[in-house]
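One line per chain: the protein sequences are R and Y, in this order. Counting from 11, one number per residue, gives the positions in the first sequence under this note's numbering. Counting from 76, one number per residue, gives the positions in the second sequence under this note's numbering.
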Amino acid sequence: MPTCRVLCMFGRTFGCGRRPRVGSLLWVSLVLGGAASVAAAEAGDRAAWLGDLTPIERGAWTASDAAHLLERAGFGATPADVQRLLRLGPKRAVRELSRPRRGASAFVHSGIFDAGLDPFPPSRPATTNAAKRDGRALGIDVKPTGNRPIQPIVNKFFYWLRASRLETDRVAYWWANRMLVSESPLVEKTALFWHGHFAVNEDKVRDYRKLLAQIELFQAAGLGNFRDLLLAVARSPAMLAFLDAGVNVKDAPNENFAREIMELFTLGVGHYGEQDVREAARAFTGWNYDGLRFAFDPELHDQGAKRFLGHEGRFDGEQIIDLILAERQAADFLAAKLYRFFVRDTVAPELARELGRRLYELDYDVGGFLALLLRSKDFYSPASRAVHIKSPVELVVSTYRKLGLGALPGVPDFNVVTGSLGQRLLHPPTVAGWSAGRAWITPSLLFERGNFVQDVLFPDIGFVPPDRYPNYGGANIVAVQDRLRAGESVASATRPAGVAAGGEMAASNAMADQDEAFNTRLGSMRGWQLAIERVLPIPRTTARLDLAGEIRAAGAVDCAAVVNYFERRFLSVALEAQVRRTLSDFLLAQLGTDDVAAALSYAEEPLRLLLHTMLSLPEYQLG
Amino acid sequence: MVSRRRLVGALAAVPFAGRAAGAVRDAARDDRILVVVELSGGNDGLNTVVPHGDDAYYRARPGLGIRRDALLPLDDHFGFNPGAVGLQRLWQRGELAIVHGCGYDDPSYSHFTSMNFWHTGAPNSGRRDGWLGRLADQLAPAAPPNFIVNIGAAQSLAVRSNRHVPVVFDDPQRFGRRALASQRDALETIPDGAAANASAQFLRDVARGGRAAAAEIRAAWRDYKTPVDYGLAPLDLPKVAACIASGFPARVYYVSFRNNAFDTHVQQAALHRRLLSYAADAIHAFVRDLDRQGLGERVTLLAFSEFGRRVGENANRGTDHGSANLMLVAGSAVRGGHYGRPPDLEDLDGTDNLRHTTDFRRVYATAAGPWLGATPGAILGTGFEPLDLFA
């Protein structure tokens with residue numbers, strides 16, 4: 011079981027997942043950067059570091075710097091992580107966080123794919139039309155006689171839609187687990203950056219294998235050379251499928267792919283013309299995929315001369331990419347985007363130019379550039395600290411990491427939580443990826459972030475696993491099943507019983523059911539049954555916590571000390587005295603005494619209420 | 076049948092009986108409210124308001140064209156889709172403006188991209204804020220709380236503002252913090268002093284705004300009772316009506332028919348009719364509901380889709396992504412009628428698509444300028460003249 015391996019690996023390195031090893035309060039205080047006065051003095055000296063790309067010296071490197079690095083280059087940290095990193099010094103620390111490691115857990119496939127599914131038709135009508143034409147589709151023969159001869163094919167069509175989606179949810183779980191436990195979190199963090207940069211969405215790609223390959227590419231090559239990565243992405247089935255490369259052929263070029271490469275991946279709007287888009291589209295004609303491989307068809311490729319960004323020649327796609335990257339603008343664009351993701355939302359124009367120059371001089375070596383950023387004095391200047399609004403994935407993973415968990419809980423569901431907060435992995439909202447920073451926050455989403463913490467600390471006993479119960483048009487599909495089981499005819503069981511609000515899927519299903527060769531509502535139901543049978547379940551463990559044990563180990567003597575401990579352990583921003591007082595008064599009222607040691611036997615629930623309250627503070631959203 | 080070309084020239088905005096033409100509005104402009112309804116997926120405008128007087132329509136849609144006798148009567152050139160009963164009712168009361176041929180240059184046929192253009196109100200620009208966000212920034216630069224409401228699972232790009240924090244929620248009953256009663260006081264504590272940095276300050280402002288808005292919106296929804304039937308898919312418009320009726324201070328509301336519902340490539344006819352009936356029912360009910368409470372003159376609703384669909388039907392009795400489309404503006408203050416020149420169904424561009432006749436930003440400018448009293452040029456760029464659409 012991958013979860014087990016993950017747990018063991020984590021256990022060796024960081025201490026047991028269930029009971030994080032922590033030292034005394036004094037020790038924590040030292041490790042996490044000392045008193046506020048020290049931080050203030052530090053801040054004063056460091057104001058001049060803003061915009062300074064020279065590396066921070068080892069002597070100046072503090073525990074709070076190490077915590078800051080882990081927050082940004084990784085997904086938060088336990089005190090033990092911080093201490094380990096502190097000992098390494100800034101240079102080795104950055105190297106450790108980005109070191110490729112053997113033995114990182116690989117995705118365990120459920121085994122839902124078979125060769126008949128490739129190539130998967132673009133739609134249900136395309137599938138049934140093919141079946142009628144060829145007598146076979148998706149690897150299944152049409153029944154020679156009898157009722158609904160195409161039904162098994164329609165069942166399989168829906169099976170794959172459901173199964174691929176559910177398996178994609180497992181890919182997201184697997185990846186988020188790696189974020190949580192990785193000893194090289196910068197690898198995963200950078201992969202997350204690239205996932206937003208080279209956004210592809212399961213809803214359109216409809217093949218978890220292509221998406222998985224994309225994430226594995228980001229993990230393996232995300233810190234390498236950008237040209238290699240860009241080329242690999244441009245040739246990846248996920249991106250080719252997502253940007254309709256299959257319809258980009260000689261004599262009918264489709265500009266989608268060429269446009270996005272320039273607009274979103276390299277140059278940004280305004281640094282190329284429509285003519286460049288058209289010419290680049292010609293250069294990419296004939297690029298397609300075959301299953302999980304890149305496929306180039308010279309017959310469909312336009313070998314004519316092109317005029318692109320002021321150059322002329324019989325360019326192919328790879329040469330187009332080289333011409334783009336020869337532009338300084340490409341380096342400026344990417345450098346600024348990396349900076350905004352890892353350091354600060356805003357970047358001064360002169361610093362942006364300097365960053366672009368550095369990346370260009372590094373010949374687009376992403377790992378080298380990030381090392382420069384993450385060691386720079388600018389990164390450790392006060393203006394860069396605790397100003398980053400955590401993305402939903404960062405929030406959720408770092409909350410688990412700070413709680414010391416060794417594996418991602420199954421309750422609440424990771425994908426549902428991050429989705430409701432606006433960042434469902436492998437489902438970015440648009441080709442432009444996610445918007446960052448303040449765009450993550452709305453009033454209701456800020457509440458939802460606090461509600462997530464409640465779901466972790468007080469697991470919902472009414473939880474229904476979305477990968478076991480059809481939550482997509484669910485009630486209708488289950489009703490169809492129940493009527494069939496009760497012996498109703500297919501026609502009667504699948505008759506739509508009024509369409510629920512917004513339920514366009516059910517409506518379109520009802521429409522298509524005029525064809526007696528198959529019944530789509532029956533297919534939808536069978537598709538769910540088959541998918542649930544084959545897709546491995548996500549383990550629905552809850553976070554097992556022992557906050558009282560931690561407080562005992564930390565030696566917190568009174569309520570104020572408990573608040574102080576949680577503050578240092580979870581928050582990047584120092585709380586005001588007034589807030590601390592409110593919180594410790596709250597705990598005092600819950601415990602009925604300020605003698606925390608004497609209250610430990612019944613302190614678990616009050617401590618969780620306190621922690622829920624603290625992690626619901628606006629300040630907890632900052633990293 | 077009347078020749079389409081001849082008729083187009085004669086089309087003009089004509090106030091209809093059923094409402095007092097030129098009614099005097101007492102409401103000052105700063106009381107007025109704009110509600111934007113997004114019909115996502117690319118609503119087929121040609122089968123929404125059907126040009127039955129144009130033979131080219133039937134030639135292009137031999138299977139999908141709706142026969143004249145099946146249409147809901149509109150006038151001697153157009154008829155409504157049989158599902159659009161609500162739109163017909165609004166039309167008959169002179170409360171519906173149909174703006175024909177809306178689009179933009181170099182149209183995108185991607186849902187994502189084109190919707191992005193409609194959200195930003197700035198096609199092919201790479202802008203990252205929404206036109207309603209910029210509108211709010213201009214109308215209320217001090218960014219008072221609760222100025223923009225967006226009902227939906229996520230915030231729309233259309234309302235992304237540089238100053239305002241839109242109130243975004245889905246289920247009003249769930250809009251709020253889950254917490255035990257004993258935690259409430261501690262949870263509600265947000266210090267008044269300056270926060271540690273600008274990000275922290277922003278979060279505090281949102282938290283404060285959310286705390287204020289959530290209680291009001293939960294109460295507004297809890298207390299709202301209406302006899303008006305919004306139909307099967309009310310598009311969140313009853314929630315908007317509840318907010319307006321409660322006196323909630325928002326002046327911009329944004330809702331959508333979600334999940335790309337109008338993306339009708341296949342076997343479109345009955346599905347499209349049903350979708351339209353939901354949308355039309357809801358829009359009509361919303362106008363009636365406000366009217367009933369004496370709020371009608373303060374509220375205008377604008378409905379759009381990211382593109383229309385091709386003139387010709389496809390091989391699957393559906394339609395593919397197209398370009399020019401109609402926009403709808405509804406409300407008691409609206410002067411009902413046709414606006415904009417319907418595109419010529421036979422004069423297609425190089426990609427077999429309709430040529431737009433009205434830049435959609437002119438309709439935005441109409442909502443921003445004449446309706447809400449903003450200066451549209453600063454929001455949308457210059458050259459988008461508002462339509463004379465309000466009485």
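Glycine included, each C-beta is placed from N, C-alpha and C at the ideal position. Just so it is clear, the structure is predicted and the values come from calculations on it, not from any experiment.
Between R188 of chain R and E198 of chain R, is the Cβ-Cβ spacing less than 8 Å?
Here residue 188 of chain R corresponds to residue number 178 of the first sequence, with the count starting at 1. Here residue 198 of chain R corresponds to residue number 188 of the first sequence, with the count starting at 1. Result yes, Cβ atoms of R188 of chain R and E198 of chain R sit closer than 8 Å.
Got a sec: is the Cβ-Cβ distance from A282 of chain Y to anything in chain R below 8 Å?
Walking along the second sequence from the start, residue 282 of chain Y turns up at place 207. A282 of chain Y counts as touching chain R.
Can you tell which of R:W185, R:V215, R:V426, R:G61 has the C-alpha that lies nearest to the C-alpha of L202 of chain R?
Here the question's residue 202 of chain R lines up with position 192 in the first sequence. Out of R:W185, R:V215, R:V426, R:G61, R:W185 has the C-alpha closest to the C-alpha of L202 of chain R.
With burial defined as no fewer than 16 other Cβ atoms inside 10 Å of the residue's Cβ, what is the status of G452 of chain Y: buried or exposed?
Position 377 of the second sequence, counted from the first residue, corresponds to residue 452 of chain Y. Classification of G452 of chain Y: exposed, given that the 10 Å Cβ count is below 16.
Could you tell me whether the Cβ atoms of R158 of chain R and F528 of chain R are closer together than 8 Å?
Along the first sequence, one-based indexing puts residue 158 of chain R at 148. Along the first sequence, one-based indexing puts residue 528 of chain R at 518. Taking 8 Å as the Cβ cut-off, R158 of chain R and F528 of chain R qualify as a contacting pair.
Run through the stretch 149-236 of chain Y for me and flag every whole alpha helix (DSSP H) of 4 or more residues, listed as ranges in chain order.
160-167, 186-195, 206-214
Check each residue of the stretch 195-218 of chain Y: if its Cβ is closer than 8 Å to any Cβ of chain R, include it; give the result in chain order.
N199, S200, G201, R203
Here's a check: name, in chain order, each residue in its chain whose Cβ is nearer than 8 Å to the Cβ of F459 of chain Y, leaving out the five neighbours to either side.
Within the second sequence, residue 459 of chain Y is the residue found at index 384, counting from 1. Cβ within range, chain order: D434, R436, R437, Y439, A440, P451, G452.
Determine the contact status of G393 of chain Y and A135 of chain Y, defining contact as a CB-CB distance below 8 Å.
Counted from its first residue, the second sequence places residue 393 of chain Y at position 318. Counted from its first residue, the second sequence places residue 135 of chain Y at position 60. No, Cβ-Cβ distance for G393 of chain Y and A135 of chain Y is not below 8 Å.
Any alpha helix (DSSP H) of 4 or more consecutive residues that is wholly inside the stretch 60-112 of chain R:
73-83, 89-108
Which of the three DSSP states, helix, strand or coil, is assigned to I160 of chain R?
Counted from its first residue, the first sequence places residue 160 of chain R at position 150. Three-state result, I160 of chain R: coil.
Residue-level contact to chain R via CB, P468 of chain Y, 8 Å cutoff:
It is not possible to answer for residue 468 of chain Y, since the shown part of chain Y is limited to 76 through 466.
Once the 5 residues before and after S246 of chain R are set aside, which same chain residues still bring their CB inside 6 Å of it?
Sequence index remark: in the first sequence, residue 246 of chain R carries index 236 (1-based). So the list reads Q224, once near-sequence residues are dropped.
On the premise that G117 of chain Y lies in contact with H186 of chain Y, defined as a C-beta separation below 8 Å, what is that separation, rounded to the nearest angstrom?
Sequence index remark: in the second sequence, residue 186 of chain Y carries index 111 (1-based). Sequence index remark: in the second sequence, residue 117 of chain Y carries index 42 (1-based). About 7 Å separates the two Cβ atoms, so the contact holds.
Closest by CA to R333 of chain Y, which one among Y:L139, Y:Q230, Y:P216, Y:L121?
To locate residue 333 of chain Y, count along the second sequence from 1; it is residue 258. Nearest option by C-alpha distance: Y:Q230.
Just to confirm the assignment, what range does the alpha helix (DSSP H) spanning V279 of chain R have?
Walking along the first sequence from the start, residue 279 of chain R turns up at place 269. Taken as a continuous stretch (DSSP letters only), V279 of chain R belongs to no alpha helix (DSSP H), as it is neither H nor E.
Reduced DSSP secondary structure (H/G/I, E/B, other) of S454 of chain R
Counting from 1 along the first sequence, the entry for residue 454 of chain R is found at position 444. The answer is helix: DSSP assigns S454 of chain R an H, G or I state.
Leaving aside the five residues before and after Y370 of chain R along the sequence, list all residues of the same chain whose C-beta is less than 7 Å from its C-beta, in chain order.
The residue given as residue 370 of chain R occupies position 360 in the first sequence. Only R338, A341 meet the Cβ criterion.
Cβ closer than 9 Å: which chain Y residues qualify as neighbours of A290 of chain R?
For the purposes of this step, residue 290 of chain R is taken as the residue at position 280 of the first sequence. Simply none; closest approach about 16 Å.
For N187 of chain R, the three-state DSSP class (helix, strand or coil):
Indexing the first sequence from 1 puts residue 187 of chain R at position 177. Helix.
Checking the sheet assignment: what are the DSSP bridge partners for W297 of chain R?
Stepping through the first sequence from its first residue, residue 297 of chain R is reached at position 287. R:F306.
Using the Cβ count rule (16 or more neighbours within 10 Å means buried), how would you classify V287 of chain R?
On the first sequence, position 277 is the one that residue 287 of chain R refers to. When all chains shown are included, V287 of chain R counts as buried.
Of all Cβ atoms in chain Y, is any one closer than 8 Å to the Cβ of H622 of chain R?
Here residue 622 of chain R corresponds to residue number 612 of the first sequence, with the count starting at 1. Yes - at least one Cβ of chain Y is within 8 Å of the one on H622 of chain R.
Does any residue of chain R bring its CB to less than 8 Å from the CB of A98 of chain Y?
Here residue 98 of chain Y refers to the residue found at position 23 when the second sequence is read from its first residue. In this prediction, A98 of chain Y has a pLDDT of 36, which is less than 50 and means its spatial position is unreliable; what the coordinates show is noted afterwards. A98 of chain Y does not count as touching chain R.
Taking only beta-carbon positions, decide if A354 of chain Y is within less than 8 Å of chain R.
In the second sequence, residue 354 of chain Y corresponds to position 279, counting from 1. So, not an interface residue.
For A293 of chain R, collect the residues of the same chain with a Cβ closer than 8 Å to its Cβ; drop the 5 residues on either side in sequence, then sort them by chain order.
Translated into the one-based positions of the first sequence, residue 293 of chain R becomes position 283. Taken in chain order, the residues that qualify are A268, D312, K316, F318, F325, D326, G327, Q329, I330.
Our contact map puts A248 of chain R next to V215 of chain R with C-beta atoms below 8 Å; I'd like the distance itself, whole angstroms only.
Here residue 248 of chain R refers to the residue found at position 238 of the first sequence. Here residue 215 of chain R refers to the residue found at position 205 of the first sequence. Yes, A248 of chain R and V215 of chain R are in contact; Cβ-Cβ is about 5 Å, under 8 Å.
Would you kindly check if the distance between the Cβ of L384 of chain R and the Cβ of L79 of chain R is under 8 Å?
Within the first sequence, the letter at position 69 stands for residue 79 of chain R. Within the first sequence, the letter at position 374 stands for residue 384 of chain R. Cβ atoms of L79 of chain R and L384 of chain R: closer than 8 Å.
From what residue to what residue does the alpha helix (DSSP H) around E381 of chain Y run?
Start at 1 with the first residue of the second sequence, and residue 381 of chain Y comes out as number 306. From DSSP, E381 of chain Y is part of no alpha helix (DSSP H); its letter is neither H nor E.
Taking the continuous beta strand (DSSP E) assigned at K153 of chain R, which residues delimit it?
Indexing the first sequence from 1 puts residue 153 of chain R at position 143. Counting along the chain, K153 of chain R falls outside any beta strand (DSSP E), and DSSP gives it neither H nor E.
Taking all protein chains shown into account, do 16 or more other C-beta atoms lie within 10 angstroms of the C-beta of V243 of chain R, making it buried, or fewer, making it exposed?
Along the first sequence, one-based indexing puts residue 243 of chain R at 233. Under this definition V243 of chain R is a buried residue.
Just reading off the beta strand (DSSP E) that G412 of chain Y is part of, what are its end residues?
Position 337 of the second sequence, counting from 1, holds the residue named residue 412 of chain Y. From DSSP, the beta strand (DSSP E) with G412 of chain Y extends over 412-414.
Who pairs with D258 of chain R in a beta bridge, going by DSSP?
Here residue 258 of chain R refers to the residue found at position 248 when the first sequence is read from its first residue. It should be pointed out that residue 258 of chain R corresponds to Asn in this sequence rather than to Asp. For N258 of chain R, which the question treats as bridged, DSSP gives no partner whatsoever.
Could you check whether L196 of chain R and G84 of chain R sit closer than 8 Å to each other, using their CB atoms as the reference points?
Taking the first sequence and counting its residues from 1, the one referred to as residue 84 of chain R is at position 74. Taking the first sequence and counting its residues from 1, the one referred to as residue 196 of chain R is at position 186. Yes; because the gap between Cβ atoms is below 8 Å, this pair is in contact.
Along chain R, in chain order, which residues have C-beta atoms closer than 7 Å to that of T264 of chain Y?
Here residue 264 of chain Y refers to the residue found at position 189 when the second sequence is read from its first residue. Correct list: V589, T592.
Looking only at C-alpha atoms, which of R:L610, R:F596, R:E614 sits nearest to M624 of chain R?
Working through the first sequence from its first residue, we reach residue 624 of chain R at position 614. The option with the nearest alpha carbon to M624 of chain R is R:F596.
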